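Chemist: This is the structure I have questions about; it appears just below.
Numbering (UniProt numbering), first residue to last: 1 to 509.
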């Protein structure tokens with residue numbers, strides 16, 4: 001190496017050494033902290049997802065949170081994903097994410113509340129009740145947790161408990177319109193109409209409410225009047241709410257039902273169609289709109305329609321039917337006595353399947369003649385609770401008729417369907433599922449409302465009517481033979497007799 005090259009190399013080494021931080025610094029030297037390591041990728045993703053949620057962009061936040069759960073599954077990561085899914089109204093996804101967070105030690109009130117709201121959206125009352133109660137245990141003063149708990153108790157028809165929760169909340173926060181509105185709504189659902197009306201009216205008169213809260217208060221007044229059989233007052237309350245605070249789905253639906261109960265089918269169709277436009281996924285409104293607009297595209301009423309209808313009707317179902325001169329349970333007993341001469345407690349029917357058992361009226365009529373099991377099936381949990389109080393059923397099942405028949409392998413001496421097929425247009429699929437459930441010599445007894453034509457039609461009441469030819473064709477297609485077919489008045493409706501058919505059939509030889 002030449003001398004000049006050596007000096008150049010030494011010079012560069014001294015420069016590098018000068019740039020190094022000395023091992024021991026003087027007291028006057030400035031200390032420079034070492035650069036911190038960047039946070040893990042999962043943490044950076046969660047931070048960005050949180051910023052996107054704050055900006056109201058859950059769709060953009062969700063893939064970041066989802067990636068974070070895959071990179072480093074943790075309670076915070078799953079909670080972030082749950083928040084995004086909840087904001088996007090993805091109830092099943094919210095339930096899954098909150099469950100994962102809870103399993104990983106994130107058993108917080110927030111996780112339980114978020115999951116409870118998702119269960120409420122899906123109508124899962126037992127799960128809602130469990131999570132809301134858990135949230136109240138973790139956060140006893142949380143207004144939202146207590147309101148959700150009361151909502152769950154109302155769904156379970158535990159009215160006294162719900163009113164106790166909401167009453168405590170209202171007494172603590174008498175100026176909070178949310179607490180007062182929920183209490184008024186609970187009074188209405190519990191059948192305490194005067195208390196509901198007094199509270200809702202006082203709020204409209206004295207408290208400054210948001211438009212949404214005013215609509216809810218007017219809705220309570222309209223529902224109270226409708227339940228009391230006063231459609232004129234109900235219509236006035238619903239329309240006053242629309243004029244005062246604007247239309248929403250509940251007020252339009254209440255207005256439509258009030259018009260329908262007043263005999264204004266045209267006005268009812270208009271209101272229900274407007275309500276459906278605001279809630280296009282609502283099966284109840286969709287079916288009622290089809291009925292009022294003569295749309296017979298649906299071959300049967302949706303399960304959501306039937307469950308919603310009878311859940312709200314269960315507590316006054318029997319009183320209402322008796323007031324209408326309802327005859328079907330007695331007609332069923334008379335038909336069985338005709339088909340089985342000598343029928344008595346000493347010569348009983350045997351096992352009976354009661355499809356669409358409702359509050360158990362058929363079970364009560366047949367109870368002394370059974371001599372076997374009585375199995376009840378219904379879509380409405382509220383109706384099943386009423387049937388359970390009769391203490392005549394061997395077992396009760398909440399299920400859709402077809403699903404139950406597909407899974408049941410028992411055979412019955414009698415399968416009863418009283419006023420069930422008024423929610424079916426096409427009959428043959430259901431009849432074909434009943435046939436294998438009949439024991440040798442067993443009978444299938446059912447009623448239908450009688451239509452004017454040969455096929456089936458959807459009436460403005462939301463019920464289907466059937467012509468005799470349609471019933472006979474459906475029986476033949478299912479391999480069943482009618483052995484009793486009689487025209488009967490089933491009940492009255494608006495002081496007019498409702499004509500129907502009472503039919504008994506057996507498996508064709």
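Think of the CB as a built atom: it goes at the ideal place given N, C-alpha and C, for glycine as much as any other residue.
Please read these numbers as outputs of a predicted model, since none were measured by experiment.
(1) From 204, 215, 203 and 262, pick the residue whose C-alpha is nearest to that of residue 232; which is it?
(2) If you draw a straight line from the alpha carbon of residue 260 to that of residue 253, how long is it in whole angstroms?
(3) Going by DSSP, what residue range makes up the alpha helix (DSSP H) through residue 423?
(4) Anyone know if the C-beta pair for residue 438 and residue 507 falls short of 8 Å?
(5) Write down the C-beta distance between residue 482 and residue 505 rounded to the nearest angstrom, noting that I regard them as a contact closer than 8 Å.
(6) Quick one: residues in its chain with C-beta nearer than 6 Å to the C-beta of residue 69, no 5 flanking neighbours on either side, listed in chain order?
(7) As an exercise, report each continuous beta strand (DSSP E) stretch of at least 3 residues that is fully enclosed by the segment 371–409, in chain order.
(8) Ends of the alpha helix (DSSP H) at residue 95?
(9) Sorted by chain position, which residues of the same chain lie with C-beta nearer than 6 Å to residue 93's C-beta, five sequence neighbours on each side aside?
(10) Can you tell me whether DSSP reads residue 174 as helix, strand or coil?
(11) Take residue 398 as the anchor and find which of 375, 390, 412 and 417 has the nearest alpha-carbon.
(12) Under 8 Å, do residue 128 and residue 116 count as touching if we go by C-beta distance?
(13) Compute the Euclidean distance between the alpha carbons of residue 492 and residue 328, then round it to the nearest angstrom.
(14) By the three-class DSSP mapping on this structure, what secondary structure does residue 242 have?
(15) Assuming residue 181 and residue 217 form a contact by the criterion Cβ under 8 Å, report the distance between their Cβ atoms to the nearest whole angstrom.
(16) Would residue 447 pass as a contact of residue 418 if the rule is Cβ separation under 8 Å?
(17) Taking the C-alpha atoms as reference points, what is the distance between residue 268 and residue 258?
(18) Quick one: what does DSSP say residue 490 is sitting in, helix, strand or coil?
(19) Since residue 111 contacts residue 142 with CB under 8 Å, what's their CB separation in whole angstroms?
(20) For residue 100 and residue 73, I'd like the C-alpha separation in whole angstroms.
(21) Just checking, does the segment 207–215 make contact with the segment 232–248 on the three C-beta pairs under 8 Å criterion?
(22) For a test of the three-state rule: what should DSSP assign to residue 484, helix, strand or coil?
(23) Grouping DSSP H, G and I as helix and E and B as strand, with all else coil, what is residue 497?
(24) May I ask you to list the residues that DSSP assigns as paired with residue 450?
(25) Taking C-beta to C-beta, are residue 65 and residue 49 nearer than 8 Å?
(26) Can you list, in chain order, the residues of its chain with a C-beta nearer than 8 Å to that of residue 349? Leave out the 5 residues immediately preceding and following it.
(27) Hey, would you say residue 287 sits closer than 8 Å to residue 301, going by beta carbons?
(28) Just to confirm, are residue 152 and residue 125 a CB contact at a threshold of 8 Å?
(29) Could you check the C-alpha separation between residue 178 and residue 501 for me, to the nearest Å?
(30) In this structure, what does DSSP give as the bridge partners for residue 354?
(31) Spatial neighbours of residue 170 within its chain, please: C-beta separation below 7 Å, excluding the five flanking residues on both sides.
(32) Would residue 239 be called buried (16 or more neighbouring beta carbons within 10 Å of its own) or exposed?
(33) Tell whether a beta-carbon distance below 8 Å holds between residue 379 and residue 306.
(34) Any idea which residues DSSP pairs residue 344 with across the strands?
(35) Just to confirm, are residue 95 and residue 119 a CB contact at a threshold of 8 Å?
(36) Assign residue 292 to one of two classes, buried (16 or more other C-beta atoms within 10 Å of its C-beta) or exposed (fewer than that).
Modeler: Once the coordinates are examined:
(1) Here residue 232 refers to the residue found at position 232 of the chain shown. The residue with the shortest Cα to Cα distance from residue 232 is 262.
(2) Within the chain shown, numbered from 1, the residue matching residue 260 stands at position 260. Within the chain shown, numbered from 1, the residue matching residue 253 stands at position 253. Taking the straight line from one Cα to the other gives about 10 Å.
(3) Counted from its first residue, the chain shown places residue 423 at position 423. Where residue 423 is concerned, there is no enclosing alpha helix (DSSP H), because DSSP gives it neither an H nor an E.
(4) Position 438 of the chain shown, counted from the first residue, corresponds to residue 438. Position 507 of the chain shown, counted from the first residue, corresponds to residue 507. Between residue 438 and residue 507, the gap from beta carbon to beta carbon is short of 8 Å.
(5) Numbered from its first residue, the chain shown carries residue 482 at position 482. Numbered from its first residue, the chain shown carries residue 505 at position 505. Going by Cβ atoms, the distance from residue 482 to residue 505 rounds to 5 Å, so yes, they are a contact pair.
(6) Here residue 69 refers to the residue found at position 69 when the chain shown is read from its first residue. The answer, listed in chain order, is 77, 78 and 81.
(7) List check, beta strand (DSSP E) in window: 374–378 and 395–398.
(8) As a working note, residue 95 is residue 95 in the chain shown. Unbroken alpha helix (DSSP H) run through residue 95: 91–103.
(9) For this step, residue 93 is matched to residue 93 along the chain shown. Within the same chain, residue 93 has close Cβ partners 85.
(10) As a first step, residue 174 is located in the chain shown; it is residue number 174 there, counting from the start. In this structure, residue 174 counts as coil in the three-state DSSP scheme.
(11) Mapped onto the chain shown, residue 398 falls at position 398. With distances taken between Cα atoms, residue 398 lies closest to 375.
(12) As a working mapping, residue 128 is identified with position 128 in the chain shown. As a working mapping, residue 116 is identified with position 116 in the chain shown. Yes, they are a contact pair.
(13) In the chain shown, the residue the question calls residue 492 occupies position 492. In the chain shown, the residue the question calls residue 328 occupies position 328. Their Cα atoms are separated by approximately 12 Å.
(14) Taking the chain shown and counting its residues from 1, the one referred to as residue 242 is at position 242. In the three-state DSSP reduction, residue 242 falls in the helix class (H, G or I).
(15) By 1-based counting over the chain shown, the position of residue 181 is 181. By 1-based counting over the chain shown, the position of residue 217 is 217. That belief holds up - the Cβ atoms of residue 181 and residue 217 are roughly 6 Å apart, short of 8 Å.
(16) Position 447 of the chain shown, counted from the start, is the residue given in the question as residue 447. Position 418 of the chain shown, counted from the start, is the residue given in the question as residue 418. Yes, Cβ-Cβ distance for residue 447 and residue 418 is below 8 Å.
(17) One-based indexing of the chain shown puts residue 268 at position 268. One-based indexing of the chain shown puts residue 258 at position 258. Approximately 8 Å between the Cα atoms of the pair.
(18) Looking up residue 490 in the chain shown gives position 490. The answer is strand: DSSP assigns residue 490 an E or B state.
(19) For the purposes of this step, residue 111 is identified with residue 111 of the chain shown, where counting begins at 1. For the purposes of this step, residue 142 is identified with residue 142 of the chain shown, where counting begins at 1. Not really, about 13 Å apart at Cβ, beyond 8 Å.
(20) Within the chain shown, residue 100 is the residue found at index 100, counting from 1. Within the chain shown, residue 73 is the residue found at index 73, counting from 1. For residue 100 and residue 73, the distance between alpha carbons rounds to 9 Å.
(21) yes
(22) Here residue 484 is taken as the residue at index 484 of the chain shown, counted from 1. DSSP places residue 484 in strand when its eight states are reduced to three.
(23) The residue given as residue 497 occupies position 497 in the chain shown. The answer is strand: DSSP assigns residue 497 an E or B state.
(24) Residue 450 sits at position 450 when you count from the first residue of the chain shown. 466, per the DSSP bridge assignment.
(25) For the purposes of this step, residue 65 is taken as the residue at position 65 of the chain shown. For the purposes of this step, residue 49 is taken as the residue at position 49 of the chain shown. Yes, Cβ-Cβ distance for residue 65 and residue 49 is below 8 Å.
(26) Taking the chain shown and counting its residues from 1, one reaches residue 349 at position 349. Once the five neighbours on either side are set aside, the close Cβ partners of residue 349 are 336, 340, 343, 366, 369, 370, 371, 372, 413 and 414.
(27) On the chain shown, position 287 is the one that residue 287 refers to. On the chain shown, position 301 is the one that residue 301 refers to. It is a contact, given that the beta carbons lie within the stated cut-off.
(28) Within the chain shown, the letter at position 152 stands for residue 152. Within the chain shown, the letter at position 125 stands for residue 125. Yes; because the gap between Cβ atoms is below 8 Å, this pair is in contact.
(29) Reading the chain shown from its first residue, position 178 is the one you call residue 178. Reading the chain shown from its first residue, position 501 is the one you call residue 501. Take the alpha-carbon of residue 178 and the one of residue 501: they are about 50 Å apart.
(30) Here residue 354 refers to the residue found at position 354 when the chain shown is read from its first residue. For residue 354, which the question treats as bridged, DSSP gives the partners 376 and 416.
(31) Position 170 of the chain shown, counting from 1, holds the residue named residue 170. The beta carbon of residue 170 sits closer than 7 Å to those of 179, 180 and 183, all from its chain and outside the five residues before and after it, given in chain order.
(32) In the chain shown, counting from the first residue as 1, residue 239 sits at position 239. A residue is called buried when at least 16 other Cβ atoms come within 10 angstroms of its Cβ; residue 239 meets this threshold and is buried.
(33) Within the chain shown, the letter at position 379 stands for residue 379. Within the chain shown, the letter at position 306 stands for residue 306. It is a contact, given that the beta carbons lie within the stated cut-off.
(34) Within the chain shown, the letter at position 344 stands for residue 344. 347, per the DSSP bridge assignment.
(35) For the purposes of this step, residue 95 is identified with residue 95 of the chain shown, where counting begins at 1. For the purposes of this step, residue 119 is identified with residue 119 of the chain shown, where counting begins at 1. Their beta carbons are under 8 Å apart, which means residue 95 touches residue 119 by this criterion.
(36) In the chain shown, residue 292 corresponds to position 292, counting from 1. By the neighbour-count rule (16 or more Cβ atoms within 10 Å), residue 292 is buried.
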